[in-house]
Amino acid sequence: MRECGPQGRIVGLAPEVDHLYPLLLANPDTSETTINRPHSPTTYLASVSTSLLLWHQCLAHLGPAATRGLTKWCAGIPARLTGECDCIDCLDGNQTRKPFTPLPITSRSSRPLELVHSDLSGRIPSSSLAGSKYYIIFIDDFTRFTMIYFLKKKSEALKAF
Ligand SMILES: [Zn+2]
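Rendered as structure tokens:
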């Protein structure tokens with residue numbers, strides 16, 4: 018396999034080696050291919066983007082100032098990054114929500130045991146020392162008195178009431 022440049026000059030070869038095609042590019046300084054050194058490690062860089070937004074996204078959404086600061090310390094990052102850092106993902110992630118406003122208390126009971134809230138919950142992954150895997154909770158709406166019963170079976174809920 019041969020790869021030709023715009024003027025028809027061979028810029029690289031890709032001979033088959035064990036069903037693979039390692040790309041052997043021509044050395045632009047000497048116009049020689051690396052075919053005489055087929056396994057020499059070589060890295061070719063096609064282009065480097067100067068987009069601040071792209072580098073910000075590639076660096077795990079690092080802050081724009083820190084991304085610009087890396088240009089002094091890291092090889093491979095262009096010295097001058099261009100554009101704005103208008104990252105939609107960061108805007109979405111940094112937005113805060115207003116807290117939920119509690120509903121107005123309209124129907125509060127006027128005497129004990131007029132309204133009792135209850136919740137049966139479980140199956141707890143690890144049972145208690147007594148072997149309970151469920152619990153039922155009762156809350157009196159007027160006094161806020163709370164009782165909790167631990168149950169071995171859901172069928173014991175009615176007995177707890
Ligand atoms: Zn971001």
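Using the working numbering, the final residue of the sequence shown is 178, and nothing's skipped along the way.
Just so it is clear, CB atoms sit at the ideal spot from N, CA and C, and this is done for glycine as well.
> Got a sec? Which residues, its chain only, sit under 7 Å from F178 by beta carbon, not counting five neighbours each side?
Replying inline: Contacts found: none.
>> I'd like the span of the beta strand (DSSP E) that includes H134, first residue to last.
In response: Element bounds for H134: V133 to G139.
> DSSP state of G86, grouped into three classes?
Replying inline: Judged by DSSP in its simplified three-state form, G86 adopts helix.
>> Rounding to the nearest angstrom, what Cα-Cα distance links Y151 and L175 in this structure?
In response: C-alpha separation (whole angstroms): 13 Å.
> Relative to ligand 1, is the shortest distance from any of its heavy atoms to the C-beta of Y106 smaller than 6 Å?
Replying inline: The question names Tyr, but residue 106 is Asp in the sequence shown. At a threshold of 6 Å, D106 counts as near ligand 1, since its beta carbon sits closer than that to one of the ligand's heavy atoms.
> So what's G29 in DSSP terms, helix, strand or just coil?
Replying inline: Three-state result, G29: strand.
>> For a test of the three-state rule: what should DSSP assign to S7, helix, strand or coil?
In response: In the structure as shown, the chain starts at 18 and stops at 178, and residue 7 therefore has no counterpart that could be examined.
>> In whole angstroms, give me the CA-to-CA distance for C104 and L70.
In response: Here the alpha carbon of C104 sits roughly 7 Å from the alpha carbon of L70.
> What separation, rounded to the nearest whole angstrom, lies between the Cα atoms of F159 and R128?
Replying inline: Near 6 Å, if we compare the C-alpha coordinates of R128 and F159.
>> Using a Cβ-based criterion (distance less than 6 Å to any ligand heavy atom), does H36 qualify as near ligand 1?
In response: Incorrect: H36 has no Cβ contact closer than 6 Å to ligand 1.
> With contact counted as at least three CB pairs below 8 Å, one residue from each stretch, are the segment 95-113 and the segment 135-143 in contact?
Replying inline: Three or more Cβ pairs closer than 8 Å define a contact, and the segment 95-113 falls short of that threshold against the segment 135-143.
> What do you get for I153, buried or exposed, if any count of 16 or more other CB atoms within 10 angstroms of its CB means buried?
Replying inline: With 16 or more Cβ atoms within 10 Å of its Cβ, I153 is classed as buried.
>> Here's the rule I'm using: 16 or more other beta-carbon atoms within 10 Å means buried, otherwise exposed. How should T113 be labelled?
In response: It counts as exposed.
> Apart from the five residues just before and just after L87, which ones in its own chain have a Cβ nearer than 6 Å to its Cβ?
Replying inline: Correct list, in chain order: I94.
> Can the beta-carbon of S149 be found closer than 7 Å to that of L168?
Replying inline: A contact, by the Cβ cut-off of 7 Å.
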